[in-house]
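These notes concern the structure reproduced below.
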Amino acid sequence: MIDLDVFKHVNDTLGVEGGDCLLKLVAERLEANLPRDALLARQNADEFLILLRAIRNSFEPTLIAEKLLTALQERFVIGQELIHLSGSIGVTLAPADGTDAESLIRKADMAMSQAKQAGKNRVKFFAQEYEAIANQRLSIRNSLRSALTNQEFFVEFQPKVRIQGEREIIGSEALLRWVRSDGSRISPLQFIPIAEEYGFINEIGEWVIASVCEQLAQWRNEGCVLMPVAINISLHQLLQENFVDILRFNLMTRDLPTHLLEIEITESALMQEIERTTQLLGTLQELGIHVAIDDFGTGYSSFSYLKHLPVETLKIDKTFIDDMLKSPRDNALVRTLIQLAHTLGMKVVAEGVETHASLSALIELGCDQVQGFIFSKPISASELCTLACP
Ligand code: C2E
Ligand code: CA
Ligand code: CA
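Note that my numbering gives residue 1362 to position 153 of the sequence shown, counting from 1, and the numbers run on in steps of one.
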């Protein structure tokens, strides 16, 4: 089974007719790269099924699948538009994985889904453990539906600490928590991607924005020190039509100044839709809502984009911080990232700092702020208020 990775976006820009035209070109290209006796069918939307008969050896499906992925990567031309595509492929083998079409297709779908989650543009063969993963995902998806109405979500806050000059908590990041009715706790790393895939993320994200604003108002009423709170935003959420209005509405109804809200968006999300996001981030900046690029260093940005992005902060991903002390090369990399950010007028936050050794190194390299277990884990709103009290 082969699924196109970014097809929805194509439909959005080319319109449905352009999308249809592209699907035909994709089908032609797939067919041209398949053995003669292979059967190619469109399963639905942007999913194709391929049946290979009489496989001679176990390498053959891999070779064919990789050939298809390479073929897809060559650009497509539709009217004036150049389209770049990639695909994710899941493979099942008969009779090992099943002997009827229904179970072979179901398992190919699981393998394809694994290929997508592993970063797209790749091939995965069905493995027994995918069944358990798929069941777990299904269970999460089903219970996500009612999580909001059952009030199973809450937000924790992790302090951001200034490390140059006087050490001080200067803000926090809101992190979503989910405890299901059976008491099981599910990490946002697990449920956020599922919420994104099944279209729950806007609703959940809106709930996070409202709760954070409500919390800010409550801190104000309780006389706590008021500091900016950063909220993680998924790309889909940022691109929804009324995103800016939602932020504005939640701040205004509680009479909160805009600088108390910041948003964090991952570098890889930003890069997926660089033009639209740049424009949106500009609007946020005009409003006075600061933006941070999250997980910086993992998303392959091009520096020319970075220069034009209306962004106040770069958050260096934990993996760089962890490796920084192990090798001079990684140390130099972090130093360069910090200098780059400063040259562009941005502040730098190091994420996931756990040790005094990393902290000292970061102070020495000129990093502005640190977030990590060394200062505090994510904590409740009242704990943060106590911690931040002068
Ligand atoms: P993130 O934005 O990169 O958040 C930082 C993650 O690192 C958090 O994990 C935090 O608990 C963890 N962390 C912080 N300091 C340390 C440390 O010193 N050591 C270690 N080992 N970990 C540390 P968490 O809370 O599990 O969140 C995971 C991810 O889920 C977040 O990564 C963010 O991408 C996403 N997420 C969380 N809340 C939301 C939300 O409300 N909306 C969206 N769209 N995504 C969210
Ligand atoms: Ca974040
Ligand atoms: Ca991060």
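Glycine included, C-beta positions come from ideal geometry on N, C-alpha and C.
Just so you know, these numbers come straight off a predicted model, no measurement behind them.
The three-state secondary structure of A1303, taken from DSSP, is coil. Within a 10 Å sphere around the beta-carbon of T1279 sit fewer than 16 other beta-carbons, which makes this residue exposed. The beta carbon of Q1252 lies closer than 6 Å to those of L1258 in the same chain, with the five residues before and after it left out. Contact annotation: the stretch 1420-1438 does not touch the stretch 1388-1397, with fewer than three C-beta pairs closer than 8 Å. Of the candidates E1365, A1426, E1521 and F1505, the residue whose Cα lies closest to the Cα of E1471 is E1521. Pairing L1291 with I1211 gives a Cβ-Cβ distance that is not under 8 Å.
The beta carbon of K1524 sits closer than 7 Å to at least one heavy atom of ligand 3. Note that the stretch 1407-1415 touches the stretch 1439-1454; at least 3 beta-carbon pairs, one per stretch, sit closer than 8 Å. Contact annotation: the stretch 1228-1236 touches the stretch 1281-1288, with at least three C-beta pairs closer than 8 Å. Look at K1217 here: in three-state DSSP terms it is helix. Scanning its chain for C-beta atoms nearer than 8 Å, with the 5 sequence neighbours on each side dropped, one finds around K1369 the residues I1378, I1379, G1380, S1381, E1382, A1439, V1558, Q1578, V1579 and Q1580, in chain order.
Inside the stretch 1232-1277, DSSP marks whole beta strand (DSSP E) runs of 3 or more residues at positions 1248-1253 and 1256-1260, from first to last along the chain. In this structure the stretch 1555-1569 lies against the stretch 1582-1590, because at least three pairs of beta carbons, one per stretch, are closer than 8 Å. For T1475, the beta-bridge partners assigned by DSSP are D1503. For N1441, the shortest separation between its Cβ and any heavy atom of ligand 1 lies below 7 Å. Short of 7 Å from the beta carbon of L1385, and not among the five residues preceding or following it, lie these beta carbons of its own chain, in chain order: F1362, V1364, P1397 and V1417. For D1503, the CB falls within less than 7 Å of some heavy atom of ligand 2.
E1476 has its CB no nearer than 7 Å to any heavy atom of ligand 3. Boundaries of the beta strand (DSSP E) harbouring L1291: E1290 to I1292, taken from the DSSP string. Taking every protein chain shown into account, the CB of K1333 has 16 or more other CB atoms within 10 angstroms, so this residue is buried. The DSSP-derived three-state label of K1524 is strand. A1559 carries a strand assignment under DSSP once its states are collapsed to helix, strand and coil. The straight-line gap separating the alpha-carbon atoms of A1356 and V1215 is approximately 29 Å. Beyond the five residues adjoining it in sequence on each side, L1479 comes within less than 6 Å, by CB distance, of T1486 in the same chain, given in chain order. D1503 is positioned such that its CB atom lies no closer than 8 Å to that of K1516. Beta-carbon to beta-carbon, M1319 and G1299 are separated by about 7 Å, close enough to satisfy the 8 Å threshold.
Sequence-distant partners of D1526 (beyond 5 residues in either direction) whose C-beta falls short of 7 Å from its own C-beta, in its chain, are D1504, F1505, G1506, T1507 and E1560. With contacts defined by Cβ atoms closer than 8 Å, L1435 and L1469 form a contacting pair. When the five nearest sequence neighbours on each side are left out, the beta carbons in the same chain lying within less than 8 Å of the beta carbon of R1262 are those of D1246, A1247 and L1248, in order along the chain.
Annotation: P1519 to V1453 spans about 15 Å, alpha carbon to alpha carbon.
In this structure, the C-beta of E1473 approaches ligand 2 to less than 7 Å from one of its heavy atoms. When the five nearest sequence neighbours on each side are left out, the beta carbons in the same chain lying within less than 7 Å of the beta carbon of I1403 are those of R1346, I1349, R1350 and L1353, in order along the chain.
Counting only residues of its own chain and dropping the five nearest sequence neighbours on each side, P1466 has a CB closer than 8 Å to the CB of L1460 and G1497.
Ligand 2 never approaches E1340 closely enough for any of its heavy atoms to be under 7 Å from the residue's Cβ.
Between L1574 and R1544, the beta carbon gap of about 5 Å places them in contact (Cβ cut-off 8 Å).
A1501 is the residue among L1493, D1464, T1462 and A1501 whose C-alpha sits nearest the C-alpha of E1476.
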